[in-house]
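Quick note on numbering: my numbering labels position 106 of the sequence shown as 111, and the sequence is numbered without any gaps.
Ideal Cβ placement from N, Cα and C applies to all residues, glycine included.
As the structure is a prediction and not an experimental result, all values here were calculated from the model.
Have a look at the structure below before the remarks.
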Amino acid sequence: MKRENQRLQSDFYEGNADAIFRHFIARRVSGGVRADERISINDFYFQNDIRVIQDTRVSFMPKTFDVFVSRREESGPNEPITNRVREWLDSRNFGGGRTFWEAFPGLCLTQENCGTVFLKLFVKDGGVSVQKMYSDDVDVIVDEKNYLDVLKYVFSWGERIDLEGGGSRVVKMTEEINDKSFTITADGRLVKSEEHRFGFVPVVRILREEVEGSPYGRSGIEDLIEAQQNVNMALTKRAWATKYNSFRVWAPKEAGYIESGTTIRISPGALSPIPIEAVGGDVDLSAVERELDDALDHLYRLGSVSRRLKDDMLRASTSAKALNSMLEWLKRYTERKLVYMRRGLEEMILKYLKIAYNRDDFKVTISFPSLDREDPEHTLNRARFLAERGMEAEALKEIGFEKEIAEEGAVKK
């Protein structure tokens, strides 16, 4: 993804009001309106539904998975190697002293928001460590004849340093990673260069969604920006109608319009191609509320998330069938994402095995749990039924306790 696109989409996730307002003005306000008639940032309203959708998408990702490793000539899992991989995932070699499972939600959020997450593998203190790299300014250098063949990655970031005479300045740092070395520079000057003998580029790239002809993934925010600005327009119109009993003028661009310097495209049906005319006199606020409600419904449907997901999931009376029906869009969305996540994590484990064993004849299979959600009331009733019949261990396992803990708890009881 282009850096400017990623910055724009980060602004929408973080709720940067100034940036969102500038984007709104560039796309919505008619050029024929006098300067003193145009809306100011103080009269602009928005609510950050994009962040709600993105966080909901990430929270729905499985928190764990099972992994099996075998050699190519073996018909089943190789238990010693599989156990070593599981121990590695449980070790504190991920993201500055965390286990993989502790770092996993952050990887999912980066993949969702940036479109791509980059993981660097390196050897530290005799073990293989993994570090998430910067996703907002990275050059993926590919073979000119085959863009899928990555030759190296160049990560860039700014670092502020204090000057001897006082003050500070920002230094441009880069780290180039290829199949032979890690090289760090500051403003073009060599800081550190370290060779490796892995025989491959020790970076894993996990896309959210492929973009034809590009080594970068597509962000989950990109499709939501236009719909979010629809909501912002309705919110602002409601505020103006309440305060001034009139509307300002907006002239949405037509479907297919692409904002200059970005890949954000107005999708057909997302906006009315007819400018919204200024009106005076009495305003039908119920019509304004319906417009806002429709805009919110459209945004959440586009995001594959139910607007009332949290409240419905907390109701014990919600049946498993109703809950899974409500989650169907989110399940299908997550299943599509898991295809790329599985592919990337299997590559990460394969590269770990190549470093650990210095061989590349492994097969890795990752299995994610079902995305179906159990009815909480049904689960509790089943556990209560088992406990009343003296099956305390089975009851504890039913509500999520591991086998050993459940059996120990049942004995103490």
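Where residue i falls: helix, strand or coil (DSSP)
{"i": "residue 52", "result": "coil"}
{"i": "residue 200", "result": "strand"}
{"i": "residue 21", "result": "coil"}
{"i": "residue 32", "result": "helix"}
{"i": "residue 256", "result": "coil"}
{"i": "residue 271", "result": "coil"}
{"i": "residue 168", "result": "coil"}
{"i": "residue 174", "result": "strand"}
{"i": "residue 10", "result": "helix"}
{"i": "residue 65", "result": "helix"}
{"i": "residue 57", "result": "helix"}
{"i": "residue 45", "result": "coil"}
{"i": "residue 205", "result": "coil"}
{"i": "residue 389", "result": "helix"}
{"i": "residue 415", "result": "With a pLDDT of 49 at residue 415, under the threshold of 50, the modelled position of that residue is not reliable, and no figure is offered here."}
{"i": "residue 194", "result": "strand"}
Distance, residue j Cα to residue i Cα
{"i": "residue 192", "j": "residue 174", "result": "11 Å"}
{"i": "residue 70", "j": "residue 374", "result": "6 Å"}
{"i": "residue 127", "j": "residue 119", "result": "23 Å"}
{"i": "residue 344", "j": "residue 389", "result": "38 Å"}
{"i": "residue 309", "j": "residue 168", "result": "50 Å"}
{"i": "residue 269", "j": "residue 235", "result": "14 Å"}
{"i": "residue 245", "j": "residue 239", "result": "10 Å"}
{"i": "residue 351", "j": "residue 82", "result": "15 Å"}
{"i": "residue 89", "j": "residue 339", "result": "29 Å"}
{"i": "residue 145", "j": "residue 164", "result": "21 Å"}
Burial state of residue i, where buried means 16 or more other Cβ atoms lie within 10 Å
{"i": "residue 428", "result": "As shown, the chain starts at 6 and ends at 418. That puts residue 428 outside it, with no answer to give."}
{"i": "residue 398", "result": "buried"}
{"i": "residue 197", "result": "exposed"}
{"i": "residue 116", "result": "buried"}
{"i": "residue 410", "result": "Reliability fails at residue 410, whose pLDDT of 46 lies under 50, so the model's placement of it is uncertain and no value is given."}
{"i": "residue 180", "result": "buried"}
{"i": "residue 211", "result": "buried"}
{"i": "residue 416", "result": "Unreliable placement is indicated for residue 416, whose pLDDT of 47 sits below 50; no coordinate value is reported for it."}
{"i": "residue 305", "result": "buried"}
{"i": "residue 357", "result": "buried"}
{"i": "residue 10", "result": "buried"}
{"i": "residue 359", "result": "buried"}
{"i": "residue 166", "result": "exposed"}
Enclosing alpha helix (DSSP H) for residue i [first to last residue]
{"i": "residue 87", "result": "84 to 95"}
{"i": "residue 291", "result": "290 to 307"}
{"i": "residue 243", "result": "230 to 249"}
{"i": "residue 348", "result": "333 to 362"}
Residue range of the unbroken beta strand (DSSP E) whose run includes residue i
{"i": "residue 3", "result": "This structure cannot settle anything about residue 3, because the visible part of the chain is limited to 6 through 418."}
{"i": "residue 111", "result": "No beta strand (DSSP E) holds residue 111; the alpha helix (DSSP H) holding it covers 105 to 119."}
{"i": "residue 76", "result": "71 to 76"}
{"i": "residue 144", "result": "143 to 147"}
{"i": "residue 80", "result": "No beta strand (DSSP E) contains residue 80, which DSSP labels as neither H nor E."}
{"i": "residue 191", "result": "186 to 191"}
{"i": "residue 102", "result": "No beta strand (DSSP E) holds residue 102; DSSP gives it neither H nor E."}
(Q) Measuring CB atoms only, is the segment 93 to 107 touching the segment 124 to 142, in the sense that at least three cross pairs come out at less than 8 Å? (A) yes
Q: Determine contact between the segment 61 to 69 and the segment 234 to 253, defined as no fewer than three beta-carbon pairs at a distance below 8 Å.
A: no
Q: Pair every Cβ in the segment 256 to 266 with every Cβ in the segment 21 to 32, then say whether three or more of these pairs are closer than 8 Å.
A: The segment 256 to 266 vs the segment 21 to 32: in contact.
Q | Stretch-stretch touch, CB-based, cutoff 8 Å, three pairs: the segment 109 to 125 with the segment 221 to 241 | A | yes
Q.
Would the segment 200 to 214 count as touching the segment 147 to 164 if we require 3 or more Cβ pairs under 8 Å?
A. These segments touch.
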